[in-house]
Amino acid sequence: MSARILQGKPLAESIKAEVREEVERLSLTGNVVPGLTVVRVGEDPASAVYVGSKVKTSEELGIRSEHAHFPDHTSEEDLLAVVRNLNERDDVDGILVQLPLPKHIDSVRLLEAIDPQKDVDGFHPINVGRLSLGQDALFPCTPAGVIEILKRSDIPIAGKHAVIVGRSNIVGKPMAMLLLRENATVTICHSRTADLPTVTRQGDILVAAIGRAGFIRGDHIREGATVIDVGINNVSDKDLAPELFSPDDIEKRLAAIEKRGFTLVGDVNPKEAVERAAAFTPVPGGVGLLTVAMLMKNTVKAAKMRRGIK
Ligand code: NDP
20 MSARILQGKP LAESIKAEVR EEVERLSLTG NVVPGLTVVR VGEDPASAVY
70 VGSKVKTSEE LGIRSEHAHF PDHTSEEDLL AVVRNLNERD DVDGILVQLP
120 LPKHIDSVRL LEAIDPQKDV DGFHPINVGR LSLGQDALFP CTPAGVIEIL
170 KRSDIPIAGK HAVIVGRSNI VGKPMAMLLL RENATVTICH SRTADLPTVT
220 RQGDILVAAI GRAGFIRGDH IREGATVIDV GINNVSDKDL APELFSPDDI
270 EKRLAAIEKR GFTLVGDVNP KEAVERAAAF TPVPGGVGLL TVAMLMKNTV
320 KAAKMRRGIK
């Protein structure tokens with residue numbers, strides 16, 4: 020078997036096109052321009068790249084965006100004041116605090132200070148609670164993107180057994196709640212799960228959100244399953260390439276390690292997954308591309324919800 024590859028790019032593009040249309044409609048009918056403010060503290064290079072891509076995508080879609088960047092030594096009290104001010108501003112619909120924050124800042128306290136109506140990351144306890152209660156809310160972008168991949172690829176969810184490896188607050192747990200909401204039967208696995216392959220092999224849908232390159236092997240996967248790889252890991256060891264990559268992929272991967280010092284690999288072994296699964300999301304080029312598109316969708320949703328627009 021050779022799995023159907025679920026490319027993230029066309030799906031992300033169609034979501035962004037829908038958001039662009041919705042932004043135009045809001046502007047024409049309600050004179051509303053959705054606004055997103057991204058708060059960044061310090062000089063973490065990866066955060067700078069992520070924030071840059073969020074701001075650029077907002078601008079492309081007609082969302083008014085603002086990048087509030089503060090030095091590393093900014094105090095927690097000052098940042099709380101920034102968030103409170105953004106909560107008050109009517110032109111700000113979405114507030115996103117880019118993680119990780121410098122160690123002297125209590126990120127839980129800061130995230131809880133965000134008005135839940137503007138919490139476009141969906142991490143506030145009010146939004147987490149609403150998701151758990153089966154109510155509508157702002158849902159976390161990465162797991163919400165996974166649901167979009169499944170739906171837009173015509174992969175049935177209702178009645179299927181979905182197995183998730185990982186129980187983080189950012190991916191694993193909200194993923195479980197969103198799949199439950201779509202009427203899947205859900206199992207959550209973690210580092211203390213006994214006999215992991217036996218459990219994961221029950222999954223019609225297997226979602227890996229672990230943070231370990233190529234951890235999910237062929238024998239973790241049910242023949243014919245849909246495998247969603249959320250993981251993003253750097254692999255710099257060329258000796259691992261034959262184990263991870265199929266012959267048609269390996270040259271490109273080795274060239275990337277040679278040129279940049281690493282290649283991106285998910286939590287699933289791609290070479291073995293394409294042989295066992297019926298459908299598989301690639302890394303790079305899969306789930307990761309949906310995350311920013313879903314942030315844009317959440318910003319428009321926040322703008323509408325706050326104004327009571329259906
Ligand atoms: P966390 O480190 O917060 O959570 C990892 C989870 O994996 C934990 O629940 C942990 O279990 C579990 N785990 C670790 N080792 C094992 C093991 N040997 N067997 C079974 N379970 C294990 O990571 P995140 O959820 O934040 O991220 C997961 C991955 O997704 C990372 O690669 C990250 O880079 C990527 N990611 C990608 C995004 C995207 O846009 N595509 C967005 C966010 C994350 P336990 O709880 O017991 O420790």
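So in this note's numbering, the last spot in the sequence shown is 329, and the numbers never skip. Glycine is no exception: its CB is placed at the ideal position from the N, C-alpha and C atoms.
Supposed close pair residue i, residue j - CB separation, criterion 8 Å
i: Gly222; j: Ala195; result: Not confirmed; about 12 Å, so no contact.
i: Leu215; j: Val246; result: That pair is no contact at about 15 Å.
i: Pro135; j: Val319; result: Contact doesn't hold; Cβ gap of about 17 Å is too wide.
i: Ile24; j: Phe299; result: 6 Å
i: Ala22; j: Val293; result: 5 Å
i: Ala322; j: Asp112; result: 4 Å
i: Gly164; j: Ala312; result: 7 Å
i: Gly230; j: Arg295; result: Incorrect: roughly 22 Å between the Cβ atoms, too far for contact.
i: Leu314; j: Lys73; result: 6 Å
i: Lys257; j: Leu273; result: 6 Å
i: Gln26; j: Pro301; result: 7 Å
i: Glu201; j: Ile166; result: 6 Å
For residue i: DSSP bridge partner residues
i: Arg23; result: Ala298
i: Ala181; result: Val205, Ile224
i: Arg83; result: Gly54
i: His92; result: Answer by DSSP bridge pairing: none, since His92 is not bridged.
i: Val127; result: Val127 is not bridged to any residue.
i: Thr282; result: Val254
i: Ile166; result: Answer is none; Ile166 lacks a bridge partner.
i: Leu115; result: Val57
i: Val287; result: Ile235
i: Asp138; result: Ile114
i: Asp248; result: Ala227
Contact under 8 Å by Cβ, residue i with residue j
i: Ile174; j: Val139; result: no
i: Ala11; j: Gly280; result: Since the first residue of the chain shown is 20 and the last is 329, residue 11 is not available in this structure.
i: Leu98; j: Leu129; result: yes
i: Pro162; j: Pro119; result: no
i: Arg220; j: Ile207; result: no
i: Ala335; j: Val102; result: Residue 335 is absent from the model: the chain starts at 20 and stops at 329.
i: Val326; j: Val38; result: As written in the sequence, residue 326 is Arg, which differs from the Val given in the question. Not in contact: Arg326 and Val38 (Cβ atoms no closer than 8 Å).
i: Gly49; j: Ile328; result: yes
i: Ile124; j: Glu96; result: no
i: Lys75; j: Asn106; result: no
Selected residue, minimal CA-CA separation from residue i, among the options
i: Ala203; options: Gly185, Ala232, Lys170; result: Lys170
i: Ser46; options: Asp238, Gly81, Asp268, Phe234; result: Gly81
i: Ser77; options: Leu259, Glu291, Thr56, Ala156; result: Thr56
i: Pro303; options: Ile328, Asp268, Met313, Ala296; result: Asp268
i: Ile189; options: Glu107, Thr212, His143, Arg231; result: His143
i: Val177; options: Ile168, Arg186, Leu199, Val184; result: First, the residue type needs correcting, since residue 177 is Ala and not Val in the sequence shown. Nearest of Ile168, Arg186, Leu199, Val184 to Ala177, Cα basis: Leu199.
i: Met324; options: Ala232, Val116, Leu157, Leu263; result: Leu157
i: Asn146; options: Asn104, Val184, Ile124, Leu197; result: Leu197
i: Ala213; options: Ala232, Val184, Val205; result: Val184
i: Glu291; options: Ile166, Ser151, Glu242; result: Glu242
i: Ala275; options: Glu107, Val254, Ser265; result: Val254
Proximity test, Cβ basis, 8 Å: residue i and chain B
i: Ile168; result: The structure shown contains no chain B; it is built from a single protein chain.
Checklist entry - Are at least three pairs of beta-carbons, each pair with one atom in the segment 301 to 309 and one in the segment 28 to 36, less than 8 Å apart? => result yes
Checklist entry - Three or more C-beta pairs closer than 8 Å, one from the segment 283 to 295 and one from the segment 246 to 264: is that the case here? => result Judged by Cβ distances under 8 Å, the segment 283 to 295 makes contact with the segment 246 to 264, as three or more pairs qualify.
Next on the checklist: With three or more beta-carbon pairs closer than 8 Å as the criterion, would you say the segment 85 to 105 touches the segment 54 to 65?
Outcome noted: yes
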